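Here the structure is laid out as structure tokens; the discussion comes afterwards.
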Amino acid sequence: MRPQNALDWVAFVLLLIGAFAWGAFVTDVNVLDRLLEPIADPLDDTVFILIAAAGLYWIARVIGVGRRARQ
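Going by this note's numbering, the sequence shown opens with residue -10, and the numbers climb by one from there.
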């Protein structure tokens, strides 16, 4: 499924960031924590929350929630 609007693209990019962050987390390196902690400590938590919201958005989009309402 291809992103079709700006919200789709933002969510998709966040999913990619999250995928790479989890890939590095499995190897015991929290990339987001290392990159964002010097800027502001709660910033990495905020990014992880945005990544989770993007994941829920894409799950809903793939399942087709709201598609029936638009037709």
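For glycine and all other residues, C-beta sits at the position ideal for the given N, C-alpha and C. In this text, all values refer to a predicted model and were calculated from it rather than measured experimentally.
query	result
N(-6) to T16, Cα distance in whole Å?	34 angstroms
What's the C-alpha gap between W47 and D34?	20 angstroms
Quick check on DSSP: helix, strand or coil for G44?	helix
Please classify A58: does DSSP put it in a helix, a strand, or coil?	Caution is warranted here: a pLDDT of 49 is assigned to A58, below 50, making its placement in the model unreliable, and the coordinate value is therefore given only provisionally. In this structure, A58 counts as helix in the three-state DSSP scheme.
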